[in-house]
Amino acid sequence: MMEKQVIPVNPTLLQWARQTAGLSLRDAALRAGITPPRRKKGEPSLSPEDRLLAWEHGEETPTMAQLSDIAKAYRRPLVTFFLSEPPQNVSPLADFRTVQNAAPQESPEFSALKRRIFLLHRELCAIAKEENTPNLPFVGSCKVSDGVVKIVASLRQHLGMDTGIMEEVGHGDFFTWLRDRTQQLGIYVVLMGDLGSHHTRIDPEEFRGIAIADAQVPLVVVNKNDAKAAMLFTLAHELAHLWLGASGVSNANAFASVHDHKKDEVFCNAVAAEFLVPQDALQQAWPGHTDDLPQSVKLLSRKFRVSEEVIARRLADIGIVSAAEYSELLRMYQARWHKQKEKNKGTSGGPDSNTLARYWLGHKTLTTLMRATNAGLITMQDAARTINMSASRFARVAE
Numbered sequence: 001m002m003e004k005q006v007i008p009v010n011p012t013l014l015q016w017a018r019q020t021a022g023l024s025l026r027d028a029a030l031r032a033g034i035t036p037p038r039r040k041k042g043e044p045s046l047s048p049e050d051r052l053l054a055w056e057h058g059e060e061t062p063t064m065a066q067l068s069d070i071a072k073a074y075r076r077p078l079v080t081f082f083l084s085e086p087p088q089n090v091s092p093l094a095d096f097r098t099v100q101n102a103a104p105q106e107s108p109e110f111s112a113l114k115r116r117i118f119l120l121h122r123e124l125c126a127i128a129k130e131e132n133t134p135n136l137p138f139v140g141s142c143k144v145s146d147g148v149v150k151i152v153a154s155l156r157q158h159l160g161m162d163t164g165i166m167e168e169v170g171h172g173d174f175f176t177w178l179r180d181r182t183q184q185l186g187i188y189v190v191l192m193g194d195l196g197s198h199h200t201r202i203d204p205e206e207f208r209g210i211a212i213a214d215a216q217v218p219l220v221v222v223n224k225n226d227a228k229a230a231m232l233f234t235l236a237h238e239l240a241h242l243w244l245g246a247s248g249v250s251n252a253n254a255f256a257s258v259h260d261h262k263k264d265e266v267f268c269n270a271v272a273a274e275f276l277v278p279q280d281a282l283q284q285a286w287p288g289h290t291d292d293l294p295q296s297v298k299l300l301s302r303k304f305r306v307s308e309e310v311i312a313r314r315l316a317d318i319g320i321v322s323a324a325e326y327s328e329l330l331r332m333y334q335a336r337w338h339k340q341k342e343k344n345k346g347t348s349g350g351p352d353s354n355t356l357a358r359y360w361l362g363h364k365t366l367t368t369l370m371r372a373t374n375a376g377l378i379t380m381q382d383a384a385r386t387i388n389m390s391a392s393r394f395a396r397v398a399e
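Take 1 as the starting number for the sequence shown in the UniProt record's numbering and just add one per residue.
Dropping the structure here:
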């Protein structure tokens, strides 16, 4: 009989990888498809959870196929389990998220996405150092004690915006316009929300945005799975984090109660709201008494080039509409959004995958990576690996 090959897996790494993936023994066993082992007659049976625990304690050893399934379930490279000790995992991000006033659990998919973001940022930092990119003076230039109005004024000044912003944007997409201006200012803005397939989709409730307040390479990530209205608010919210010099991950919902958020998030939400819809301008534009509140909100949304949800929230913030009226408006908008989302599921066509990848990565990310490859600062293969693509795919996306 052939002797069973013993895989030199480190049991400590098995336990560490499961725990950092935020999985219980039961959930991990289900994700990895672990089954009870075959036992001889009279031997006690083991549940999938007990079998995984035995592997973690070093009492038994998984096969290479089983280890591969675990690696996929935890979103970790297979080599992780053969290391002598856990890799250093010092996150530069403060966690500003709140889920029903509790510390949020992190899915394996989001943990893996953060690792990809850190890899991208490290590569961009290396390129910036080679190119002697100067620090951007506005990163970390403000404090919470400066107040909302002062920070908004600084944001608008640096972005070249004024009260005539609605006319500047015209009938275009405010999010795209603001993202372009932000990138022109030297800030990377990337849209992410999965690991490359819809099976790994990360819900906006887990994260809406990430800000890395690095003065030389500031980076904002917005969850591409969110509603367009929420994505615009998230971008403005993360810009507030950059101005405060506060790197972190957020899931602040612009349309939820402020009681659901941490103090820092409440402040950044206030900055984002005033930035997008200045209170003075809104009060001047408000028609006064109206018999058709939804229609009045709709007209204001067109004027300010933001969603009806954002206008409704601002009207509630400054006391023009009541909490009950706001809740009713929000229910109407959410129902409409879900209906449209379901309708879109059955549609086909749209941009090809390379066009979508180009849009999600943003022109600043792509031009920086291509400039670095052309200058010999980084190979095409390493540039592609940084954004989780093959070299041939990267070449097509960068065309």
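The beta carbon of each residue, even a glycine, is placed where N, CA and C say it ideally should be.
*Go through the UniProt domain "HTH cro/C1-type" (13-81) residue by residue and report every complete run of the alpha helix (DSSP H) that reaches 4 residues or more, in order.*
The alpha helix (DSSP H) runs lying completely inside the UniProt domain "HTH cro/C1-type" (13-81) and spanning 4 residues or more are 25-32, 48-56 and 64-74, given in chain order.
*If you follow the alpha helix (DSSP H) that L195 is part of, which residue opens it and which one closes it?*
One-based indexing of the sequence shown puts residue 195 at position 195. Element bounds for L195: n/a, residue is neither H nor E.
*Have a look at M161 and L300 and give me their C-alpha separation to the nearest angstrom.*
Counting from one through the sequence shown, the residue named residue 161 turns up at place 161. Counting from one through the sequence shown, the residue named residue 300 turns up at place 300. Roughly 19 Å between the two C-alpha positions.
_Inter-residue CB distance, L25 and P86 (contact presumed, cutoff 8 Å)_ = Mapped onto the sequence shown, residue 25 falls at position 25. Mapped onto the sequence shown, residue 86 falls at position 86. With a Cβ gap of about 18 Å, L25 and P86 do not count as contacting.
*I think W243 touches I151, with their Cβ atoms under 8 Å apart; what is that distance to the nearest whole Å?*
Taking the sequence shown and counting its residues from 1, one reaches residue 243 at position 243. Taking the sequence shown and counting its residues from 1, one reaches residue 151 at position 151. Yes, they are in contact, since the Cβ atoms of W243 and I151 sit about 6 Å apart, within 8 Å.
*Please name the residue, chosen from P294, A71, V149 and A398, that lies closest to L272 on a Cα-to-Cα basis.*
Taking the sequence shown and counting its residues from 1, one reaches residue 272 at position 272. Note that residue 272 is Ala in the sequence shown, not Leu. Per the Cα distances, V149.
*How would you call H171, buried or exposed, if buried means at least 16 neighbouring beta carbons within 10 angstroms?*
Residue 171 sits at position 171 when you count from the first residue of the sequence shown. Confidence at H171 is low in this model, with a pLDDT of 48, below 50, so the placement of that residue is unreliable and no value is reported for it.
*For A229 versus V220, is the C-beta distance shorter than 8 Å?*
Taking the first residue of the sequence shown as 1, we reach residue 229 at position 229. Taking the first residue of the sequence shown as 1, we reach residue 220 at position 220. Contact: no.
*Can you round the beta-carbon distance between S250 and G209 to whole angstroms, since I take them to be within the 8 Å contact cut?*
Reading the sequence shown from its first residue, position 250 is the one you call residue 250. Reading the sequence shown from its first residue, position 209 is the one you call residue 209. About 5 Å; that satisfies the 8 Å criterion.
*If I'm right that L124 touches T368 with Cβ under 8 Å, what's the distance once you round it to whole angstroms?*
Translated into the one-based positions of the sequence shown, residue 124 becomes position 124. Translated into the one-based positions of the sequence shown, residue 368 becomes position 368. L124 to T368, Cβ: 6 Å. Contact.
*Report the rounded CA-to-CA distance for W360 versus A383, giving the unit in angstroms.*
Residue mapping note: residue 360 aligns to position 360 of the sequence shown, counting from 1. Residue mapping note: residue 383 aligns to position 383 of the sequence shown, counting from 1. Using only the alpha carbons, I get a separation of about 16 Å.
_I127 in three-state terms, based on DSSP_ = The residue you call residue 127 lines up with position 127 of the sequence shown. Correct three-state label for I127: helix.
*Use the C-beta contact count for P36: other C-beta atoms within 10 angstroms, 16 or more gives buried, fewer gives exposed.*
As a position in the sequence shown, residue 36 is number 36, starting the count at 1. The residue in question, P36, is exposed, as its Cβ has fewer than 16 Cβ neighbours within 10 Å.
*asked:* Taking the straight line between their C-alpha atoms, what separation do you get for T373 and L366?
replied: Counting from 1 along the sequence shown, the entry for residue 373 is found at position 373. Counting from 1 along the sequence shown, the entry for residue 366 is found at position 366. Answer to the nearest angstrom: the Cα atoms are 11 Å apart.
*Is it true that the CB of V266 sits closer than 8 Å to the CB of L235?*
Taking the sequence shown and counting its residues from 1, the one referred to as residue 235 is at position 235. Taking the sequence shown and counting its residues from 1, the one referred to as residue 266 is at position 266. No; because the gap between Cβ atoms is not below 8 Å, this pair is not in contact.
*Determine the closest residue to T355 out of S327, R393, G319 and T290, with distance taken between C-alpha atoms.*
Numbered from its first residue, the sequence shown carries residue 355 at position 355. Comparing Cα positions, the closest option is R393.
*Three-state secondary structure (DSSP) at L120?*
Taking the sequence shown and counting its residues from 1, one reaches residue 120 at position 120. In the structure shown, L120 sits in a helix (DSSP, three-state: H, G or I).
*Below 8 Å between beta carbons: does that hold for A17 and T61?*
As a working mapping, residue 17 is identified with position 17 in the sequence shown. As a working mapping, residue 61 is identified with position 61 in the sequence shown. Cβ atoms of A17 and T61: not closer than 8 Å.
*What are the start and end residues of each continuous beta strand (DSSP E) run of 3 or more residues lying completely inside the region 277-342, in chain order?*
none
*Which residues bound the alpha helix (DSSP H) around S392?*
Within the sequence shown, the letter at position 392 stands for residue 392. It spans A391 to V397 - the alpha helix (DSSP H) in which S392 sits, taken as one unbroken run.
*Can you give the beta carbon distance from W55 to P11, rounded, assuming they're within the 8 Å contact cut?*
Within the sequence shown, residue 55 is the residue found at index 55, counting from 1. Within the sequence shown, residue 11 is the residue found at index 11, counting from 1. Contact flag correct, Cβ pair sits at about 7 Å.
*Can you tell me which of the three DSSP states D382 falls into?*
Working through the sequence shown from its first residue, we reach residue 382 at position 382. Note: D382 maps to helix in three-state DSSP.
*State the Cα-Cα distance for the pair P48 and I34, rounded to the nearest angstrom.*
Against the sequence shown, residue 48 aligns to sequence position 48. Against the sequence shown, residue 34 aligns to sequence position 34. Each residue's Cα considered, the two are about 6 Å apart.
*asked:* If you follow the alpha helix (DSSP H) that N223 is in, where does it begin and where does it stop?
replied: As a working note, residue 223 is residue 223 in the sequence shown. Segment L219 to N223 is the beta strand (DSSP E) holding N223; no alpha helix (DSSP H) there.
*Using three-state DSSP, classify I187 as helix, strand or coil.*
Residue mapping note: residue 187 aligns to position 187 of the sequence shown, counting from 1. It is coil, neither helix nor strand.
*Is it right to say A324 is buried, meaning 16 or more other beta carbons lie within 10 angstroms of its own, or is it exposed?*
On the sequence shown, residue 324 is found 324 positions in, with the first residue counted as 1. It is exposed - the Cβ of A324 has fewer than 16 other Cβ atoms within 10 Å.
_Can you check which of these residues, F110, Q184, F82 and M389, is closest to L136 by C-alpha distance?_
As a position in the sequence shown, residue 136 is number 136, starting the count at 1. If we check each option's Cα against that of L136, Q184 comes out closest.
*With burial defined as no fewer than 16 other Cβ atoms inside 10 Å of the residue's Cβ, what is the status of S83: buried or exposed?*
By 1-based counting over the sequence shown, the position of residue 83 is 83. The sequence shown places Leu at residue 83, not Ser. Burial call: exposed.
*When the Cα atoms are used, what is the spatial distance from K263 to A270?*
Locating residue 263 in the sequence shown gives position 263, where the first residue counts as 1. Locating residue 270 in the sequence shown gives position 270, where the first residue counts as 1. Using only the alpha carbons, I get a separation of about 11 Å.
*Go ahead and label Q66 buried or exposed: buried means 16 or more other beta carbons lie within 10 angstroms of its beta carbon, across all protein chains shown.*
As a working note, residue 66 is residue 66 in the sequence shown. Buried: at least 16 other Cβ atoms inside 10 Å.
*Pull up the distance between the alpha-carbon of I387 and that of Q381, whole angstroms please.*
Residue mapping note: residue 387 aligns to position 387 of the sequence shown, counting from 1. Residue mapping note: residue 381 aligns to position 381 of the sequence shown, counting from 1. C-alpha separation (whole angstroms): 10 Å.
_Which listed residue (A28, R51 and R371) has its alpha carbon closest to that of R38_ = For this step, residue 38 is matched to residue 38 along the sequence shown. When only C-alpha atoms are compared, the closest one is R51.
*Per DSSP, cross-strand counterpart(s) of V249*: Numbered from its first residue, the sequence shown carries residue 249 at position 249. In DSSP, V249 forms a bridge with D95 and I210.
*From the DSSP output, in three-state form, read off V258 for me.*
For the purposes of this step, residue 258 is taken as residue 258 along the sequence shown, with counting starting at 1. For V258, the pLDDT reaches just 48, beneath the cut-off of 50, and the residue's location in the model is therefore unreliable, although a value from the coordinates is still provided. The answer is helix: DSSP assigns V258 an H, G or I state.
*Could you check where the alpha helix (DSSP H) with S154 kicks off and where it finishes?*
Here residue 154 refers to the residue found at position 154 when the sequence shown is read from its first residue. Residues V148 to L159.
_Element boundaries [alpha helix (DSSP H), containing N374]_ = Numbered from its first residue, the sequence shown carries residue 374 at position 374. Per DSSP, N374 belongs to the alpha helix (DSSP H) from H363 to N374.
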